[in-house]
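Scroll down for the structure; my scribbles are underneath it.
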Amino acid sequence: MNHAASPLPAADWVFGYGSLMWNPGFAYEERRSAVVRGLHRALCIWSHVHRGTPERPGLVLGLDRGGSCRGVAFRVAPERWAETVDYLRRREQATSVYIETVHEVAFDDGRKVRALAYRADRTHRQYCGRLPDETLLEVVRGGVGLSGANPDYVLATHDHLVELGIADRTLDWLAHRLRA
């Protein structure tokens, strides 16, 4: 993906639903609990870089269609927006498995803003859709990539969701088995 030629998204917030919640990697002015409607958090992406390899993929989260997703929104200062988007494109688009989009997110007080988010590309070869729980567990246990072991990613995301009071049935189930 040619990041330099892509226009900057018309937003000043970033929506995190996975590792961006606990490891954003960019400077921000404000961090708030937020929800996006029409998309849900899912372990639906074969990871060939960060948490696995093409030979032994791991699994990472994507925003997939349907439902809603509670996560975290980060407000980025206007003077840092271009560098933040560049960073996110390098991080999230290593294999172009996500579609960079701007979505309306809502805060608990009812206020709504537009936020940059990375949605799963259902046409990409790394999109795996919904896998059976036991398959998720087997893949996660064996995945290791440039950013570390796949179980560490799943557990850190799960723990952060618990801290925020957000229930996720799949991550709850996986965390329980990974810690057993």
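Mapped onto numbering that gives the first Met the number 0, the consecutive letters of the sequence shown carry residue numbers 0 to 179. The beta carbon of each residue, even a glycine, is placed where N, CA and C say it ideally should be.
Extent of the continuous alpha helix (DSSP H) to which residue i belongs
i: Y27; result: Run containing Y27: none; DSSP gives neither H nor E here.
i: R101; result: Before going on, a small fix: residue 101 reads as Val here, not Arg. From DSSP, V101 is part of no alpha helix (DSSP H) but of the beta strand (DSSP E) over Y97 to F106.
i: V13; result: From DSSP, V13 is part of no alpha helix (DSSP H) but of the beta strand (DSSP E) over W12 to G15.
i: V48; result: No alpha helix (DSSP H) holds V48; DSSP gives it neither H nor E.
i: A81; result: W80 to E91
i: L19; result: S18 to W21
Collapsed DSSP secondary structure at residue i in the structure displayed
i: V34; result: strand
i: A41; result: strand
Start-to-end residues for the beta strand (DSSP E) that takes in residue i
i: R64; result: G57 to R74
i: A179; result: No beta strand (DSSP E) contains A179, which DSSP labels as neither H nor E.
i: G141; result: Taken as a continuous stretch (DSSP letters only), G141 belongs to no beta strand (DSSP E), being part of the alpha helix (DSSP H) at D132 to G141.
i: Y152; result: Taken as a continuous stretch (DSSP letters only), Y152 belongs to no beta strand (DSSP E), being part of the alpha helix (DSSP H) at N149 to L163.
i: L115; result: K111 to A119
Rounded C-alpha distance that separates residue i from residue j
i: R124; j: S32; result: 32 angstroms
i: L200; j: G66; result: The structure shown does not extend to residue 200, since the chain is modelled only from 0 through 179, so no value can be given for it.
i: L136; j: L160; result: 19 angstroms
i: H2; j: L60; result: Note that H2 scores 48 on pLDDT, short of 50, meaning its location in the model is unreliable; the coordinates nonetheless yield the value given after this. H2 and L60: Cα-Cα distance of roughly 22 angstroms.
i: A72; j: E103; result: 11 angstroms
i: L19; j: R178; result: 23 angstroms
i: T169; j: T83; result: 30 angstroms
i: Q92; j: I165; result: 26 angstroms
i: T94; j: R140; result: 22 angstroms
i: E162; j: G142; result: 25 angstroms
i: P77; j: S146; result: 29 angstroms
i: P23; j: G15; result: 8 angstroms
i: L173; j: D63; result: 19 angstroms
i: R55; j: L130; result: 16 angstroms
i: Y152; j: Y97; result: 18 angstroms
i: K111; j: R121; result: 27 angstroms
Beta-carbon proximity list for residue i, same chain, < 6 angstroms, skipping 5 on both sides
i: G17; result: L60 and T156
Closer than 8 angstroms to chain D by CB, residue i
i: Q92; result: Of the protein chains in this structure there is only one, and it is not chain D.
Chain-order list of residues whose beta-carbon lies under 7 angstroms from that of residue i (same chain, five-residue window excluded)
i: R74; result: D11, W12, Y27, E28 and E29
Proximal residues to residue i (C-beta, below 8 angstroms), its chain only, five neighbours per side dropped
i: P53; result: H47
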